[in-house]
Amino acid sequence: MECSPENVQETPAGGLHNAPRALAKTIRIIDGLSIVSGKIVGWFIFPMVFSLVFEVVARYLFNAPTIWAGDVSQILYGMFFMLGSAYALQRQQHIRTDFIYGKWSIRTRGMVDAALYILFYFP
Numbered sequence: 001m002e003c004s005p006e007n008v009q010e011t012p013a014g015g016l017h018n019a020p021r022a023l024a025k026t027i028r029i030i031d032g033l034s035i036v037s038g039k040i041v042g043w044f045i046f047p048m049v050f051s052l053v054f055e056v057v058a059r060y061l062f063n064a065p066t067i068w069a070g071d072v073s074q075i076l077y078g079m080f081f082m083l084g085s086a087y088a089l090q091r092q093q094h095i096r097t098d099f100i101y102g103k104w105s106i107r108t109r110g111m112v113d114a115a116l117y118i119l120f121y122f123p
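This note's numbering numbers the first residue of the sequence shown as 1 and each following residue consecutively.
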């Protein structure tokens, strides 16, 4: 079976159609949590932008910089990145170089994906 987003989403539990029932159920639960958290975290962009805009306005218009706006925006961006990454991976919407990636075998793709997720997901 070709490993494409369409084929992965057609099979139960994201491609684990031969997996034991308990494992497939666990994967479905994790996928559901990824979808819900991704949709919730998508809204964190607004408070993050607000805190940055507030900092710029306070600093440059009123000459009164805040001590909290930078920290809040970093914390929100960290949550946005970590939880949003799970959503993007579950939806197969992350960035990859398909002109190279598409020529590899499914096994090689899996090994490269696993190595790069570990390398880039934990900064």
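We put the beta carbon where it would ideally sit given N, CA and C, even for glycine.
No experiment lies behind these values; they were computed from the predicted model shown.
Practice item. State buried or exposed for Tyr60, treating a residue as buried only when at least 16 other CB atoms are found within 10 Å of its CB. Key: Here residue 60 is taken as the residue at index 60 of the sequence shown, counted from 1. Exposed, because fewer than 16 other Cβ atoms sit within 10 Å of the Cβ of Tyr60.
Review point. When the Cα of Asp71 is compared with those of Phe50, Lys39, Gly42, Ser85, which residue comes out closest?
Key: On the sequence shown, position 71 is the one that residue 71 refers to. Of Phe50, Lys39, Gly42, Ser85, the smallest CA-CA separation from Asp71 is found for Phe50.
Practice item. Determine the closest residue to Arg91 out of Ile67, Val53, Lys39, Leu52, with distance taken between C-alpha atoms. Key: Stepping through the sequence shown from its first residue, residue 91 is reached at position 91. Ranking the options by Cα distance to Arg91, first place goes to Lys39.
**Study point:** Sub-8 angstroms separation of Pro47 and Leu76 beta-carbons
**Key:** Translated into the one-based positions of the sequence shown, residue 47 becomes position 47. Translated into the one-based positions of the sequence shown, residue 76 becomes position 76. Here Pro47 is near Leu76, since their CB atoms are less than 8 angstroms apart.
Check your understanding: With a Cβ-Cβ cutoff of 8 angstroms, do Met79 and Val36 count as a contact?
Key -> Here residue 79 refers to the residue found at position 79 when the sequence shown is read from its first residue. Here residue 36 refers to the residue found at position 36 when the sequence shown is read from its first residue. The criterion of a C-beta distance shorter than 8 angstroms is not satisfied by Met79 and Val36.
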